[in-house]
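Numbering (UniProt numbering), first residue to last: 1 to 421.
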């Protein structure tokens, strides 16, 4: 295994990775043209007139282009910075100037570096192929010998002293170095983009700590509310069934003891049948309660099978599509299960929808859940406890929830959960 990793590390740049790195570096040139122009005119007073439109309009546009470049060529998602409102505040925002610094300095520098790598690759290719075509040139294109007493030029010296071979060797060395140069450029560009194009890491960590503290309090409240719900369900449901069952069995015992023999069988059978019905109802309620705590099918067969059961039991038609390459963490699967269950329950109660769709898509380290219905819309995340409870469930595993619900519909619920805690 160690030898295999070493071989991959040494020869990796000479395969698809090297081609991808070279293409990635070359793709830095077009977005650098406009920032390069800004750098050229910076010493002049004309740059002062360019600064506001470049900062407010072109910086966000170039940032979107760079995010698309990193995502499509490297599969790297740079976190999106929330838009600043009002727009003029962006001119003084620290995030804007970090992005400006990347586009004007880093991207232009990477573009120049990419042109240098292309030059090295071209020179290496010319050097390697020199023995194949140099001596095939017509004599009038070959360098002539110097006049007596005159210093010969470099090319004449190289050819005279069999320098073609050495040029080919140097060209081969250049071609061998190109993938490593591209790898270095890609690594530097990636590190700079992660630090300058995304959110401020210090502020992001502070916000994350605040969110975790808030979500911890919400989890405690949610756990207390869940405990009270279980207590209420047991008291109002299964406990009442068991009391009725005990009363019916006691009545049957008294009947068998006090009634005449000819009446005992019929009366007792009626009461026992009622007790049997109560016992079955109590078992069903307990089963539903246990399923609400943690469904067994989720642990045994995974999220796909568990959600199929929810879709089958829903009071309206549900189209389910689950795309998972591997199982997520048990706590994440449980949250996903209850989010879908509660979302479909809300659709059935409030949306007046005729159908719903559920898409569960695992992309890299995130589980994306989309619940859509064709109902009346108008769902307000700030009102009612249903959507608040869903958001709290998602936040308990550091997930996020967004909802789009215009009046008239459709309503779309988007939940993102980490696959690994």
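Just so you know, even glycine gets a beta-carbon here, dropped at the ideal spot from N, CA and C.
Q | Pairwise C-alpha distance: residue 178 and residue 374 | A | To locate residue 374, count along the chain shown from 1; it is residue 374. To locate residue 178, count along the chain shown from 1; it is residue 178. The alpha-carbon atoms of residue 374 and residue 178 are separated by roughly 55 Å.
Q. Do the CB positions of residue 422 and residue 397 come within less than 7 Å of each other?
A. With the chain running from 1 to 421 in the structure shown, residue 422 is simply not present.
(Q) Within a Cβ cutoff of 7 Å, which residues of the same chain sit near residue 75, ignoring the five residues on either side of it in sequence? (A) On the chain shown, residue 75 is found 75 positions in, with the first residue counted as 1. Within its own chain, no residue has a Cβ closer than 7 Å to the Cβ of residue 75 once the five positions on either side in sequence are excluded.
Q | Burial state of residue 276 (16 or more Cβ within 10 Å) | A | Reading the chain shown from its first residue, position 276 is the one you call residue 276. With fewer than 16 Cβ atoms within 10 Å of its Cβ, residue 276 is classed as exposed.
Q: Can you check the UniProt domain "Histidine kinase/HSP90-like ATPase" (331-421) for any beta strand (DSSP E) of at least 3 residues that lies completely inside it and give the ranges in chain order?
A: You should have 356-363, 366-373, 400-404, 411-418.
Q. If you draw a straight line from the alpha carbon of residue 17 to that of residue 25, how long is it in whole angstroms?
A. Start at 1 with the first residue of the chain shown, and residue 17 comes out as number 17. Start at 1 with the first residue of the chain shown, and residue 25 comes out as number 25. Computed Cα separation, rounded: 12 Å.
Q.
Buried or exposed, going by whether 16 or more other CB atoms sit within 10 Å of the CB of residue 407?
A. For the purposes of this step, residue 407 is taken as the residue at position 407 of the chain shown. By the 10 Å Cβ count, residue 407 comes out exposed.
(Q) According to DSSP, simplified to helix, strand and coil, what is residue 197? (A) Position 197 of the chain shown, counting from 1, holds the residue named residue 197. Three-state DSSP puts residue 197 in coil, outside helix and strand.
Q | For residue 321, the residue or residues it bridges with in DSSP | A | Counting from 1 along the chain shown, the entry for residue 321 is found at position 321. 359.
Q | residue 95, buried or exposed, once every other Cβ within 10 Å from all chains shown has been counted against 16 | A | On the chain shown, residue 95 is found 95 positions in, with the first residue counted as 1. Residue 95 should be labelled buried.
Q.
I'd like the list of long-range same chain contacts for residue 111, defined as Cβ closer than 6 Å, with 5 residues on each side in sequence excluded.
A. Along the chain shown, one-based indexing puts residue 111 at 111. Once the five neighbours on either side are set aside, the close Cβ partners of residue 111 are 28, 29, 32.
**Q.** Cβ pair residue 348, residue 316 closer than 7 Å
**A.** Against the chain shown, residue 348 aligns to sequence position 348. Against the chain shown, residue 316 aligns to sequence position 316. Yes, the pair counts as a contact, with Cβ atoms nearer than the cut-off.
Q. So, helix, strand or coil for residue 77, using DSSP?
A. For the purposes of this step, residue 77 is taken as the residue at position 77 of the chain shown. Residue 77 falls in the coil class under three-state DSSP.
Q: Would you tell me roughly how many angstroms separate the C-alpha atoms of residue 70 and residue 183, rounded to the nearest one?
A: Position 70 of the chain shown, counted from the start, is the residue given in the question as residue 70. Position 183 of the chain shown, counted from the start, is the residue given in the question as residue 183. So the alpha carbons of these two residues sit roughly 14 Å apart.
Q.
For residue 340, which residues in the same chain have their Cβ closer than 7 Å to its Cβ, ignoring the five residues on either side in sequence?
A. By 1-based counting over the chain shown, the position of residue 340 is 340. 307, 310, 358, 369, 371.
(Q) I need the straight-line Cα distance from residue 65 to residue 414, nearest angstrom please. (A) Taking the first residue of the chain shown as 1, we reach residue 65 at position 65. Taking the first residue of the chain shown as 1, we reach residue 414 at position 414. Distance between the alpha carbons of residue 65 and residue 414: 25 Å.
**Q.** Option in 180, 78, 77 with minimal Cα separation from residue 118
**A.** For the purposes of this step, residue 118 is identified with residue 118 of the chain shown, where counting begins at 1. Cα-wise, what sits closest to residue 118 is 180.
(Q) Counting C-beta neighbours from all protein chains within 10 Å, is the total for residue 476 16 or more, i.e. buried, or is it exposed? (A) Outside the modelled stretch of the chain, which goes from 1 to 421, sits residue 476, for which no answer is possible.
**Q.** Backbone CA spacing between residue 301 and residue 176 [nearest angstrom]
**A.** Here residue 301 refers to the residue found at position 301 when the chain shown is read from its first residue. Here residue 176 refers to the residue found at position 176 when the chain shown is read from its first residue. Roughly 51 Å between the two C-alpha positions.
Q) With C-beta atoms as the reference, is residue 328 less than 7 Å away from residue 390? A) Position 328 of the chain shown, counted from the start, is the residue given in the question as residue 328. Position 390 of the chain shown, counted from the start, is the residue given in the question as residue 390. Not closer than 7 Å, so no.
**Q.** Whether residue 185 touches residue 113 by CB criterion (7 Å)
**A.** Locating residue 185 in the chain shown gives position 185, where the first residue counts as 1. Locating residue 113 in the chain shown gives position 113, where the first residue counts as 1. A Cβ-Cβ contact shorter than 7 Å links residue 185 with residue 113.
Q) Looking at residue 174 and residue 116, is the spacing between their C-beta atoms short of 7 Å? A) As a position in the chain shown, residue 116 is number 116, starting the count at 1. As a position in the chain shown, residue 174 is number 174, starting the count at 1. No, they are not a contact pair.
Q | Coarse secondary structure for residue 27, derived from DSSP in three states | A | Numbered from its first residue, the chain shown carries residue 27 at position 27. Here DSSP, grouped into helix, strand and coil, assigns residue 27 to coil.
Q.
In whole angstroms, give me the CA-to-CA distance for residue 338 and residue 400.
A. Counting from 1 along the chain shown, the entry for residue 338 is found at position 338. Counting from 1 along the chain shown, the entry for residue 400 is found at position 400. Approximately 15 Å, taken between the alpha carbons.
Q) Whose C-beta lies closer than 8 Å to the C-beta of residue 330 among residues of the same chain, with five residues either side of it excluded? A) As a working mapping, residue 330 is identified with position 330 in the chain shown. Residues of the same chain with a CB within less than 8 Å of the CB of residue 330, apart from the 5 flanking positions on each side, are 299 in chain order.
Q: Hey, could you find the ends of the alpha helix (DSSP H) residue 116 is sitting in?
A: The residue labelled residue 116 in the question sits at position 116 within the chain shown. Taken as a continuous stretch (DSSP letters only), the alpha helix (DSSP H) holding residue 116 covers 107-133.
Q) Short check: CB of residue 305 to CB of residue 297, under 7 Å? A) In the chain shown, the residue the question calls residue 305 occupies position 305. In the chain shown, the residue the question calls residue 297 occupies position 297. Against a cut-off of 7 Å, the Cβ pair of residue 297 and residue 305 comes out as a contact.
Q.
If the criterion is Cβ atoms closer than 7 Å, does the pair residue 324 and residue 280 meet it?
A. Counting from one through the chain shown, the residue named residue 324 turns up at place 324. Counting from one through the chain shown, the residue named residue 280 turns up at place 280. No, the pair does not count as a contact, with Cβ atoms beyond the cut-off.
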